[in-house]
Structures are given as structure tokens and as C-alpha cells.
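Engineer: I am attaching a structure below and will ask some questions about it afterwards.
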Amino acid sequence: SFSSRFLRQLSSIRCQYYDKVSLKMALPTNKDMFGCVSADSSKVRELTDDDFKTELETALTEWKAKHVRGVWFHCDTRDSRFIPILVENGFEFHHAQPTYCTLTRWLPEDAPSTLPKYPHMHIGCGGIVVDAEGRFLLMREKKGHYLGWKFPGGLADPNENIYESASREVREETGVETVGVSVLSFRQVNAAKWKDTGDIYFLIVMKPRNENEKTVIPCPTETADARWMSRSEINDLSDDLFHPTLHKSLAKYDEWVASGSKGLIIEESTSPMRRHIKTYTFSVDFSPRL
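The sequence shown runs 1 to 290 under full-length UniProt numbering.
Now the structure itself:
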């Protein structure tokens with residue numbers, strides 16, 4: 001009858017549609033370096049929860065049969081209804097951003113997961129800014145655990161190199177435009193605000209971009225005070241107002257100057273993976289940059 005033929009055709013169309021969706025999810029032709037495949041929720045957005053669950057279970061069977069080692073599933077916030085289904089099928093959270101989260105599942109049962117962890121180290125940068133008169137640019141925070149004088153600095157933003165981060169932080173907190181000269185030191189701490197994270201903080205020797213334009217303009221929301229200080233003014237400060245660790249940084253700066261300004265200089269190059277990178281290499285003489 002017409003109705004039965006119509007239902008068969010409709011069923012055939014529906015099956016073809018879901019086959020294509022499944023193929024987009026499961027076909028492991030683009031394995032990454034870890035032998036894994038990536039799936040994206042936008043490719044299956046039209047599926048109902050029940051159909052997505054069926055498709056996911058079918059895809060997992062196919063991936064295991066094809067010896068895929070792991071699965072990355074990128075879930076848009078618009079498709080967050082899929083997350084409980086993914087978790088029920090053994091997926092774990094890997095990382096999240098404002099518009100998506102990524103879940104993973106490691107498939108081999110006889111080998112531990114080798115999936116890379118999400119970056120767990122923050123990068124911070126501070127500037128030990130010295131002008132032509134030998135004064136140092138210092139600031140005080142409006143709030144925080146330490147409210148004494150310190151070198152301006154903070155966390156790096158995406159797509160910045162450490163010189164750019166230090167320069168931006170100095171400008172935001174003090175209003176002074178600077179240029180980076182050398183990496184003086186860095187420290188690593190394996191405990192930060194969030195669980196299982198740490199940070200690496202670089203202290204950059206810097207100078208004003210223009211000696212005639214270095215007026216301090218403190219940030220109204222972050223900075224309680226900022227000013228240029230001579231070494232004698234700094235030495236007169238109590239430990240509460242200038243932490244002993246910062247005196248050690250000044251001593252390292254003195255050693256750097258006495259060494260003939262030897263240190264790390266930034267150079268641009270291209271990596272074997274064709275990525276444009278900035279490399280920090282040892283230079284025997286920084287005096288032309290001062």
C-alpha cells in the first residue's frame with residue numbers, strides 16, 4: 001500500500017541520515033599523534049538524547065574494533081545535554097572554556113592512558129624597570145596577601161610572549177611604557193589557586209621606552225601607589241614594606257650588571273613543526289640593548 005511504501009522510504013532516509021552522522025563521528029581517518037580521534041557535538045546536534053546515546057555506543061564499538069586508543073569529544077555549551085550521556089559511557093572531563101568543554105575516554109584496557117593533560121602551569125611576568133637615573137619602578141597593590149612595595153607584574157594573557165606580558169602589566173599598573181632587556185630570573189611554584197596547578201614567574205629586566213615619557217599613572221582599580229625609587233629609598237624601607245625576597249632580586253640585578261649584562265636574549269625562529277617561536281638564548285653582552 002501507499003502508506004507502507006511511504007514508511008519504508010522514510011525509514012530508509014532516516015537510516016541514511018544517521019549513518020552519515022555516525023560516520024562523521026566515528027571514522028578514525030584523522031588520528032592524532034596519540035592514535036586518538038576527535039568528535040564534535042556540532043556534528044550530531046540534531047540527534048535526540050536517545051539517538052545520540054545509540055550513536056555513541058555504536059561509535060565506541062567501531063573505534064575499539066579499529067584499535068583507536070582514545071577519543072576526544074568537544075562539546076559546545078549549546079549541546080551540554082550530551083554531557084551526562086558521555087559520562088555514563090566512561091568519558092572524563094579534560095578541560096573547559098567559556099563556550100565548550102572537552103571530555104576524553106581512553107579505550108585500551110591493557111594499557112594506562114597516555115593522553116596529555118591540559119596545561120597546568122600559569123605563566124606570570126614581572127618587570128624590574130630601571131631608568132637612566134638608576135631608579136626602580138615600584139608599586140603597591142590595593143588588595144592581596146602582600147601589600148608592600150614590589151615590582152609590577154601579573155599573569156600572562158593568551159598569545160603573549162613573556163616580554164610582552166611584563167610590558168603590558170607594567171603599563172596597566174603604573175602607566176609607564178617599557179621594553180624588555182633580559183630575563184633576570186624565574187621561579188616555579190607547584191601550588192596555585194586551582195587544584196593540581198602551579199605557576200612559573202619570570203622577572204624581566206626592563207627600561208622605559210622613552211626616558212622623557214615615564215610619568216607614573218597608577219591604575220585606579222589595582223594600584224594603591226606607584227613611584228620611581230632610588231636604591232637608598234628602597235634600603236630605608238622595612239621588611240614589611242619591601243620583602244627580603246625582593247632585596248635578593250635587586251642583588252641578582254647587581255650581579256647581572258657586574259657580569260657585563262650577560263643573560264637571556266629573545267630571538268625569533270621557526271620550529272621543526274613550522275611554528276613561529278621566540279627562543280631565549282644566552283648572550284655574553286647585553287650592553288647594546290641598555
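Beta carbons: idealized from backbone N, C-alpha and C, even for Gly.
Between C101, L107, H95, which lies nearest to residue 291 when the distance is taken from Cα to Cα?
Structural biologist: A query on residue 291 cannot be resolved here, the shown segment of the chain reaching from 1 to 290 and no further.
Engineer: In three-state terms, what does DSSP make of D50?
Structural biologist: Of the three classes helix, strand and coil, the one that applies to D50 here is helix, per DSSP.
Engineer: State the CB to CB distance for the pair W245 and P208, rounded to an integer number of angstroms; the pair is presumed to be in contact (CB under 8 Å).
Structural biologist: The residue you asked about is not Trp; residue 245 is Thr in the sequence shown. Not really, about 25 Å apart at Cβ, beyond 8 Å.
Engineer: Along the chain, where does the alpha helix (DSSP H) that runs through R171 open and close?
Structural biologist: From DSSP, the alpha helix (DSSP H) with R171 extends over 162 to 174.
Engineer: Considering only the alpha carbon of each residue, which of S80, T223, N212, A39 lies closest to G154?
Structural biologist: Closest option to G154, Cα to Cα, is T223.
Engineer: Could you tell me which residues DSSP pairs with T178 in its beta bridges?
Structural biologist: Partner(s): P208.
Engineer: Label Y163 either buried or exposed according to how many other C-beta atoms from any shown protein chain fall within 10 Å of its C-beta, with 16 as the threshold for buried.
Structural biologist: With 16 or more Cβ atoms within 10 Å of its Cβ, Y163 is classed as buried.
Engineer: Tell me which residue opens and which closes the beta strand (DSSP E) that H247 is part of.
Structural biologist: That residue, H247, is in no beta strand (DSSP E); its alpha helix (DSSP H) goes 244 to 258.
Engineer: In angstroms, rounded to a whole number, what distance separates the CA positions of T215 and G175?
Structural biologist: Approximately 7 Å, taken between the alpha carbons.
Engineer: Start and end of the beta strand (DSSP E) containing I128?
Structural biologist: Here the beta strand (DSSP E) through I128 covers 121 to 129.
Engineer: Can you check whether the CB of E57 is closer than 8 Å to the CB of V44?
Structural biologist: Against a cut-off of 8 Å, the Cβ pair of E57 and V44 comes out as no contact.
Engineer: Where does R69 land, buried or exposed, given buried means 16+ other C-beta within 10 angstroms?
Structural biologist: Burial call: buried.
Engineer: Looking only at C-alpha atoms, which of K142, Y146, E211 sits nearest to C219?
Structural biologist: C219 has its Cα closest to that of K142, out of K142, Y146, E211.
Engineer: Check this for me: beta carbons of A192 and H247, under 8 Å apart or not?
Structural biologist: Their beta carbons are not under 8 Å apart, which means A192 does not touch H247 by this criterion.
Engineer: When the distance is taken between beta carbons, is L138 closer than 8 Å to W149?
Structural biologist: The answer is yes: Cβ separation under 8 Å.
Engineer: Tell me the rounded alpha-carbon separation between E172 and S38.
Structural biologist: Each residue's alpha carbon lies about 40 Å from the other.
Engineer: Going along the chain, which residues of its own chain have a beta-carbon closer than 8 Å to the beta-carbon of K64, five neighbours each way excluded?
Structural biologist: Closer than 8 Å at Cβ, skipping near neighbours: L107.
Engineer: Note down the Cα distance separating T104 from T114, rounded to an integer number of angstroms.
Structural biologist: One C-alpha to the other measures close to 11 Å.
Engineer: Look at the alpha carbon of D131 and the alpha carbon of D157, and state the distance between them as a whole number of angstroms.
Structural biologist: Distance between the alpha carbons of D131 and D157: 26 Å.
Engineer: What is the residue span of the beta strand (DSSP E) that L155 lies within?
Structural biologist: Here the beta strand (DSSP E) through L155 covers 153 to 155.
Engineer: Quick one: what does DSSP say L203 is sitting in, helix, strand or coil?
Structural biologist: Residue state, collapsed to three classes: strand.
Engineer: So, using beta-carbon positions, are W228 and R135 closer together than 8 Å?
Structural biologist: Yes.
Engineer: Thinking just about the alpha-carbon of each residue, which of A111, G127, H74, E92 is nearest to the one in C101?
Structural biologist: Selected option, being the one with the closest Cα: H74.
Engineer: Is it true that the CB of G124 sits closer than 8 Å to the CB of D199?
Structural biologist: Yes; because the gap between Cβ atoms is below 8 Å, this pair is in contact.
Engineer: Closer than 7 Å by C-beta to M25: which residues in its own chain qualify, once you throw out the five before and the five after it? Chain order, please.
Structural biologist: Caution is warranted here: a pLDDT of 48 is assigned to M25, below 50, making its placement in the model unreliable, and the coordinate value is therefore given only provisionally. For M25, where only same-chain residues beyond five positions count, the Cβ hits under 7 Å are A39, K43, V44, E55, A59.
Engineer: Just tell me which of A226, K66, F242 has its CA closest to the CA of S232.
Structural biologist: Minimum Cα distance to S232 is reached at F242.
Engineer: Taking all protein chains shown into account, decide if A226 is buried (16 or more other Cβ within 10 angstroms of its Cβ) or exposed.
Structural biologist: It counts as buried.
Engineer: Measuring straight from C-alpha to C-alpha, what distance separates Y253 and S165?
Structural biologist: Whole-angstrom Cα-Cα distance: 20 Å.
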